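Colleague: So the sequence shown is numbered by this note's numbering: it starts at 124 and just counts up by one. Idealized CB from N, CA, C, for every residue including glycine. Predicted model only: the values in this text are computed from it and were never measured.
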Amino acid sequence: TPRSADEAPAAVGPASVGATQGAVRVTLPTTMVHARVFAVWLLLVLAGLAVLAGVTVAAFAFARWAGRPIRQLEEATHRLAEGGAATSVKVTSGPPEVLRLAAAFNTTAARLEHLLASQRAFAGEASHQLKTPLAALRLRLENLEPDIARPARPSLDAAVTETDRLARMIEGLLAMARLEEAAAIPVPVDVGAICAERHRTWGPLFEREGVSLVLFAGSVGPVTALPGAVEQLLDNLLSNALRASPSGSTVTMELRLLVPARRSLRDARPAWVDLHVTDEGPGMTAEQRARAFDRFWRAPGAPKGGTGLGLSLVQRLAHASGGEVTLHEAATGGLDAVVRLPSAEPPVPPGGHGFGTRPGPRKREAPPLPA
C-alpha cells in the first residue's frame with residue numbers, strides 16, 4: 124500500500140532469487156501527475172475564456188454596428204410621430220436590410236413632408252386669396268339694397284348671410300392651418316380671467332338677441348393650454364350657443380375643478396378643470412353629437428350661418444392643449460359642451476391640503492368625461 128496520499132503503487136509482482144522468494148514494490152509520487160493534469164485543465168479553461176471573450180466582443184461590435192442605424196431610424200420616427208420635421212436619416216453602414224429600410228423611410232418621410240406642406244400651403248393661400256373677393260362681393264351686395272325691390276329683399280339678405288358664412292368658413296380654415304403650422308407648447312393661463320373677459324365681450328351680443336349669458340366661475344386656478352386657445356374655444360362655443368338659443372333663454376358658462384379621489388396616501392393624481400357652455404336650444408341626438416366634430420358637418424335643421432368648422436376647431440385646440448371636449452344633453456333639454464383642460468397646479472401631495480406652485484408643464488392623459 125502507498126505510504127502517503129502522494130504515492131501510488133506502480134507495479135507489484137512475485138520475484139524469485141535462488142531459494143529465496145519475495146515481492147518487488149515500486150512506488151511513484153502523484154504530485155507531478157496532478158500538476159500536469161491541472162496545467163492542462165487550466166490551459167483549456169483559459170483558452171475557452173479567451174474564445175468566449177473574443178466571441179462576446181465580436182458580437183457586441185456587430186450589434187452596435189447593426190443597431191446604430193436602427194436607433195437613428197427609431198429617433199427619426201419618434202420625431203415624425205410627435206409632429207417634428209420629416210428629416211432624412213443618413214445611414215451609411217449596417218446590414219443591407221437596414222440600409223434598404225432607411226432608404227424607404229427617407230422616401231416616405233420626404234413624401235409625407237411634401238404632402239403636409241402642400242396641404243398647409245393650399246389652405247393658407249386659398250383662404251387668403253378668397254378673403255379679398257368675398258369682402259368685395261359683400262360690399263357690392265349691400266350697395267344693391269337700395270335698387271332691389273321689396274319682394275326681392277329676402278333673397279338679398281340670404282345672399283349676404285351666405286357670404287358671411289363663407290367668410291367665417293375661410294377664417295376657420297385659416298385658424299386650422301395656423302394650428303397645424305404652429306409648434307406652440309401649452310403654458311399656464313388664467314381660465315377664470317379669460318371667461319370673465321369673454322363674458323363681457325359677448326354679453327351685449329346676447330342681450331341684442333334676447334338671450335341671457337350667465338357666468339359661474341369659482342376659484343379653479345390656472346390651466347395649461349396653447350396661447351390663445353381658451354379664447355378661441357369660448358368664442359366658437361358661445362357663437363354656436365347663441366345661434367341655437369331661442370329668445371328669452373339662458374346660456375351658462377361654468378368652471379368646475381375636478382380633483383380625483385386618492386386611493387392611498389401615496390396616490391397623488393393631477394387635477395382637471397371642466398369648462399361647461401350650456402344652452403337651452405333644441406339640442407342634439409346621440410348620433411348627431413357623435414358626428415358634431417366632423418369638419419363641415421351640420422345638424423339637420425341647424426340655424427343658418429354656421430360653417431361646420433367651429434366644433435372641429437374646438438376639438439383640435441383641446442387636444443393640442445392636452446385636454447378633451449365632449450357634448451352632452453343638458454338638463455334643460457339643450458346642449459352641454461364640456462371642455463376638460465389639465466390644471467396648471469401640481470397634484471396635492473400626500474397629507475397636503477391644497478395646491479402648490481407648479482414646477483412646469485407636463486403631458487397628462489385626460490380622464491374620461493362624464494357621460
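Look at the alpha carbon of P345 and the alpha carbon of V382, and state the distance between them as a whole number of angstroms.
Modeller: Whole-angstrom Cα-Cα distance: 14 Å.
Colleague: To the nearest angstrom, how far is it from the Cα of V174 to the Cα of A184?
Modeller: Answer to the nearest angstrom: the Cα atoms are 15 Å apart.
Colleague: Just reading off the alpha helix (DSSP H) that D358 is part of, what are its end residues?
Modeller: Per DSSP, D358 belongs to the alpha helix (DSSP H) from 352–367.
Colleague: Would a check of beta-carbon distances place A225 closer than 9 Å to chain B?
Modeller: Checking the listed chains, one finds no chain B in this structure; it contains a single protein chain.
Colleague: Apply the 10 Å Cβ neighbour rule to I317 and answer buried if 16 or more other Cβ atoms are within range, or exposed otherwise.
Modeller: Classification of I317: buried, given that the 10 Å Cβ count is 16 or more.
Colleague: Measure the C-alpha to C-alpha separation of T153 and A176 and round it to an integer number of angstroms.
Modeller: So the two alpha carbons sit approximately 34 Å from each other.
Colleague: With distance defined between alpha-carbon atoms, name the residue in A259, Q195, A409 nearest to F228.
Modeller: Minimum Cα distance to F228 is reached at Q195.
Colleague: Tell me the DSSP bridge mates of W164?
Modeller: Answer by DSSP bridge pairing: none, since W164 is not bridged.
Colleague: Hey, how far is the Cα of E330 from the Cα of L361?
Modeller: Going by the C-alpha atoms only, they are around 13 Å apart.
Colleague: Can you round the beta-carbon distance between E403 and G457 to whole angstroms, since I take them to be within the 8 Å contact cut?
Modeller: Indeed they touch by this definition, with Cβ atoms about 4 Å apart.
Colleague: In angstroms, rounded to a whole number, what distance separates the CA positions of R421 and K213?
Modeller: If you take the alpha carbons of R421 and K213, they lie about 47 Å apart.
Colleague: Can you list, in chain order, the residues of its chain whose CB lies under 6 Å from that of L253, leaving out five sequence neighbours each side?
Modeller: Closer than 6 Å at the Cβ level, and outside the excluded window around L253, lie I293.
Colleague: When you compare each of P218, G315, R366, L380 to E332 by their alpha carbons, which one comes out closest?
Modeller: Ranking P218, G315, R366, L380 by Cα distance to E332 puts R366 first.
Colleague: Please confirm if the stretch 281–288 is in contact with the stretch 261–272, defined as three or more CB-CB distances below 8 Å between the two stretches.
Modeller: Enough Cβ pairs lie closer than 8 Å, so yes.
Colleague: Between which residues of its own chain and M407 is the CB-CB distance below 7 Å, once the five residues before and five after are set aside?
Modeller: Around M407: A415, A422, L450, L458.
Colleague: Considering only C-alpha positions, which residue in the set T347, R288, P192 is nearest to A394?
Modeller: Among T347, R288, P192, the Cα nearest to that of A394 is on T347.
Colleague: Tell me whether V163 is buried or exposed, calling it buried when 16 or more other Cβ atoms sit within 10 Å of its Cβ.
Modeller: Answer is exposed; the Cβ neighbour count stays below 16.
Colleague: Would you call the CB atoms of V374 and V343 closer than 9 Å?
Modeller: Cβ atoms of V374 and V343: not closer than 9 Å.
Colleague: State buried or exposed for Q438, treating a residue as buried only when at least 16 other CB atoms are found within 10 Å of its CB.
Modeller: That one is buried.
Colleague: What are the boundary residues of the beta strand (DSSP E) that V337 is part of?
Modeller: Residues 335–340.
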